[in-house]
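From first to last, the protein sequence lines stand for chains A and B.
For the record, in the first sequence the residue sitting at position 25 is 25 according to the numbering used here, with numbers rising by one throughout.
Heads up: take any position in the second sequence, counting from 1, add 591, and you land on the numbering used here.
For glycine and all other residues, C-beta sits at the position ideal for the given N, C-alpha and C.
Just so we're clear, the structure is a prediction, and the values are computed from it rather than from any experiment.
A short worksheet on the structure shown next.
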Amino acid sequence: MSFHPNEIARRARVASFILMGTFLFLVGAFFRTQVLLHTRFALKSEQNRLREVPLPAPRGIIRDRNGAIIAENVPGYSVSILGQSADSLRATLQRLSATVSLAPAQIEEAVRKYRRDPTRPTVILSDADFPVISVLEEHALDFPGLIIQSAPKRYYPQRSAVAAFVGYTREITEGQLAAPQFADYEPGQQIGVIGLEGQYETQLRGREGTRFVEYDARGREVRRGAGGRQDLAPEGAADLTTNIDLALQVYVADSVFGDSLVGGLMAINPRTGEVLALHSAPSFDPYWFIGRLSDDRYNQLRNDPYKPLYNKVLQGRYPPASTFKLATAIIGLQKGVVKMTDRMPVPCRGGFQYGNRYFRCWEKEGHGDVTLARAIEVSCNTYFYQLGIRIGLDRLLDGATALKFRERTGLDLPDESAPQWPASREYFDKLYTARGWTEAEILNLAIGQGHNDQTVASMARFYSALATDGMAVRPQIAKGRVERQRILDLSDVQMTALRDALAGVVSATGTAGSAQIQEIVLAGKTGTGQRPYPQPDIAWFVGFAPANDPKILVSVVLINRTHGYNAARTAKAAIEYYLKQSTVQLTGTEG
Amino acid sequence: MLRRTVTDYHLVLLALVLSLFGLAMVFSAGQTDAPSAVTTVYQKQFVWMILGIMAMLVISRASVRLLDWMSVPLFLVTLLLLVATLVIGTGAGTAASSKSWIGIGGFRLQPAEFAKITVVLMLARVLASRRNAPRSLIELWQPALVVLVPWVLIMRQPDLGTGIAFIGIFFAMLYWAGVSWPLLLLVASPGISLLLATDTKLWGGWFLVLIALVLHYRPYLIEGVVLVVSNVIMGILAPTLWNRLSPYQQKRLLTFLDPQADPRGSAYHVLQSQTAIGSGGWFGQGFTEGSQKRLGYLPAQHTDFIHAVTGEELGFIGVSVVLVLFLLLFLRTTRIASRANDSFSGLVAFGLTASWFVHVLVNVGMTLSLMPVTGIPLPFFSYGGSFMLASWLTVGILLRISSEGRGRADALSL
């Protein structure tokens, strides 16, 4: 019965219907995948094979005021890998570590970079040596996804001479990538650190380009410009022109400071704030940081007792000592408690008795009975002790605050320290309790000691007002709008008298007699800063020239020299070089 | 002579078109950007196709009576070969870890491909010898044994794809022999229990259905007990059996259940296949131009995933043409089965149809993640000499049955 023709025909019919139903279902399933979901899968297919390889942009070139190059780009090579997965990347790197020295920590760091953006090639070496590159090129087939590309790297032709302000670049760190202000950065990109590179990062950065490359399943490059996608060329950034006079800068760094002096120097145009030179010694070579800082170099920088990475112009704060006496004098003149020709009740016999304490003058023999002008020239402590008392603590504190001794200069570099000066009596109350201190503090403050720490930059700002018409200038390294603010409220006569006194400092009878320049009148003030034991004294000089029409103002501190006249000679060398070189240049241009 | 032999032009033409289409796709599968080992396999495939067509011509001269008579010895030889495969077999190509091939002379053959034919012949002989369709489970022991023994041998290789094909053949032929739906369901019940074992509620529901079915069908008491017990065992022993699967089988089944779980791991194949097919759109990226295939993202592109190449390069239109060709072929062979002269011939024709159908369904379904990845080839398309030869032998047998059948089987109407 079971094979009766009618039965068979019925089964064949059922079977045919099942067949047709199944195939209809299959066709429907393909219709869904191929027609309805086509866009999604087409995109997926493209993402599979088309990878975007970033083309790093050259950073903007940094130039000095005459166009000389401070920072430029030279051809370098970067090595990166297009990873398929974190595990395969780790395996490739482990094999790679036989050829290139890679620490396990570096491998893990690369894997973390990969995880942050798996579609982007993971940078392994941002600056590889040529020998490494040639070995890798040879074994390129063994390392799928290996990308060796030329990447512009930073170079500083004057090396350590410009380290104090130029900064350096390095690969962006994981910590930075996590911060919102670096949201538009990708792992493996270079970023400017400290100095101008850090300050003007957005301006110097340029725009990364993209190359579209087709990769096969094993991570081998098949063809470029695939899928009709044109490469996007990287856009270099515009040059950054600075006010730096590179010749002066190099002269200061190499000839004036050399390897023997430790300290900081800043040279500005007192009218415009243009920073002509800025040096901190001992220096370092910023090029060491390009690529990867070696352990040796790192230890060298770390173990140097004078801390090369600590900027002596911006970050270092030192008691301004006698260079501050001008501030005391100005406050006295402005409050009307003293005139340039006034003498103090107690002449200098080598010191001053205040209460139960005897405050010494630096000159044991004593300066005798002097006027304010002469007191400045010889830097008589006894005179300024009495002037401070006459001004009174509150007026002295407020007066110096008005002279900006509590404010940063606003120099266009990161990490400037704010100078320290007590805002009011509460400062001492808090420090010593209300009964723990006496008015004797005023004596120290009046001669630039005590609770007063200034930067080389802040002293330069103060003297810029003295050198000009009483307006303090904001020092600027990059070309910008001149920013000045009046801080001195003195008559022209008073200003001239003060400048004459400063010129007297650098004369045969002044404290900086050894810093005279032929045919040029240099005005300035020495200082010998005393620091808490066991730190040695430091040497200060702030001065400008020519005294009647200043073209350059130099503020300098020397940490390994103990007398102001040493600093004065340092400043003199820079000023003389600058003024004479300018003259030569001027003649050269005319001829 | 050809005119006398080839009496069913529709059948041969469909098979020939599918073979040539398949050959073109195997050629395309070898066209990759990186030089690969499969660049020239289309040449071998072509030789196998010619051999297959010759084999078809030869076997179509053998009468159905002869096949009937030969089915027992062929079956025994098959069993021997399958045992031999387990002892001296080797892996190859995309199934390198299994033992599926044996070398004979210079050739390497896959006995499992020919077993599909001989098992169909043997099963047809056993079922055709009965006067009535089996009405109880006990009456099914003979056909069950015919499939079970080679099935176990093949699963030992392991070759999950052929194993699935055997199950399809078994049920299809029982159906053609007149076994009723409820009885088929009861036969399948332990398997259904096994599939549902992962979910207690689902299994409980199925168990109630089973009890109702048993009460309705009223089998012998012993059968009823065996059914219920076997379902309970399957439902509860499933975890144990699961652990007996080799890790890659477990992985593939899991991948089937959730392809998104591990995109770079075992699900990678299926996702890449889907991506290739989906990116084809209406008309595809063009013959030999498929980027997924060219760049090596598509796995086993010349064997298991050849249909994905069709999808990527010829698009929905190309896929539809292939599927329609297969549907026409199966409708044709079903018609041959229904027009067969005797019950043996009908069972053979329908069994062979079912075997092909399972291959197409599982293979094509697999490329879209509708079926688990089991390594089952697509007839006439997937590269593989044994299967090409076996497929054309199948055409030869069907041709003979067609020519001995009642009336002319030319019309394609249902």
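Sixteen is the threshold: when 16 or more other Cβ atoms of the shown chains lie within 10 Å of the Cβ of residue 864 of chain B, as they do, the residue is buried. Within chain B, the residues whose beta carbon sits less than 7 Å from that of residue 33 of chain A are 865, 868, 869, 959, listed in sequence order.
Rounded to whole angstroms, residue 269 of chain A and residue 336 of chain A show a C-alpha spacing of 30 Å.
Neighbourhood of residue 27 of chain A in chain B, by CB distance below 7 Å: 911, 914, in chain order.
Taking a 10 Å sphere around the C-beta of residue 827 of chain B, we find fewer than 16 other C-beta atoms and assign the residue as exposed.
Of the candidates B/808, B/941, B/961, B/941 places its Cα closest to the Cα of residue 712 of chain B. Residue 32 of chain A carries a helical assignment under DSSP once its states are collapsed to helix, strand and coil. Within the stretch 34-45 of chain A, those residues whose Cβ lies closer than 8 Å to any Cβ of chain B are, in chain order, 34, 35, 37, 38, 40, 41, 42, 44, 45. Along the stretch 405-420 of chain A, none of the residues has a CB nearer than 9 Å to a CB of chain B. For residue 540 of chain A, there is no enclosing alpha helix (DSSP H); the residue is found in the beta strand (DSSP E) stretching over 538-545.
Pairwise C-beta distances place the stretch 318-325 of chain A in contact with the stretch 530-539 of chain A, as three or more of them are shorter than 8 Å.
For the C-beta of residue 143 of chain A, not a single chain B residue is nearer than 9 Å; the gap to the nearest is close to 16 Å.
Contact with chain B is found for residue 30 of chain A, since one of that chain's Cβ atoms lies less than 8 Å from the residue's Cβ. Proximity of residue 980 of chain B to chain A, defined by a Cβ-Cβ separation below 8 Å, is not satisfied.
Within its own chain, the residues whose Cβ lies closer than 8 Å to the Cβ of residue 259 of chain A, once the five positions on either side in sequence are excluded, are 282, listed in chain order. No Cβ of chain A is located within less than 8 Å of the beta carbon of residue 839 of chain B. Under a 10 Å Cβ-count criterion, residue 39 of chain A is classified as exposed, with fewer than 16 other Cβ atoms of the shown protein chains found around its own Cβ. According to the DSSP assignment, residue 795 of chain B belongs to the alpha helix (DSSP H) that extends over 791-808. Straight through space, the alpha carbons of residue 821 of chain B and residue 920 of chain B are spaced by roughly 38 Å. The beta carbon of residue 944 of chain B sits closer than 6 Å to those of 921, 924, 925, all from its chain and outside the five residues before and after it, given in chain order.
In this structure the stretch 770-783 of chain B does not touch the stretch 864-879 of chain B; the number of beta carbon pairs closer than 8 Å is below three.
Residue 610 of chain B and residue 678 of chain B have their C-alpha atoms some 33 Å from each other. The stretch 509-517 of chain A makes no contact with the stretch 303-312 of chain A: fewer than 3 CB pairs, one atom from each, lie closer than 8 Å.
For the stretch 1-14 of chain A, the set of positions with a beta-carbon nearer than 8 Å to some beta-carbon of chain B reads 1, 2, 3, 7, 8, 9, 11, 12, 13 in chain order. Two segments are said to touch when three or more pairs of C-beta atoms, one from each, lie closer than 8 Å; by this definition the stretch 887-894 of chain B does not touch the stretch 9-21 of chain A. The alpha carbon of residue 982 of chain B has as its nearest neighbour, out of B/838, B/640, B/623, B/796, the alpha carbon of B/640. Residues are counted here when their Cβ sits less than 8 Å from a Cβ of chain A; for the stretch 768-781 of chain B these are 768, 769, given in chain order.
Contact annotation for residue 23 of chain A against chain B: 914, 915, 917, 918 [CB-CB distance below 8 Å, chain order].
Note that the stretch 199-213 of chain A touches the stretch 42-56 of chain A; at least 3 beta-carbon pairs, one per stretch, sit closer than 8 Å. In this chain, the alpha helix (DSSP H) harbouring residue 939 of chain B covers 934-958. Neighbours of residue 878 of chain B in chain A, taken as residues at a C-beta separation under 7 Å, are lacking, since the least C-beta distance is about 16 Å. Contacts with chain B at 8 Å (Cβ-Cβ) include residue 218 of chain A. When A/342, A/369, A/341 are compared, the shortest CA-CA separation from residue 352 of chain A is found for A/369.
In summary, residue 43 of chain A is exposed, with fewer than 16 beta-carbon neighbours lying within 10 Å of its beta-carbon over all protein chains present.
Assigned with DSSP and collapsed to three states, residue 552 of chain A falls in strand.
In the displayed model, residue 279 of chain A falls within a strand according to three-state DSSP.
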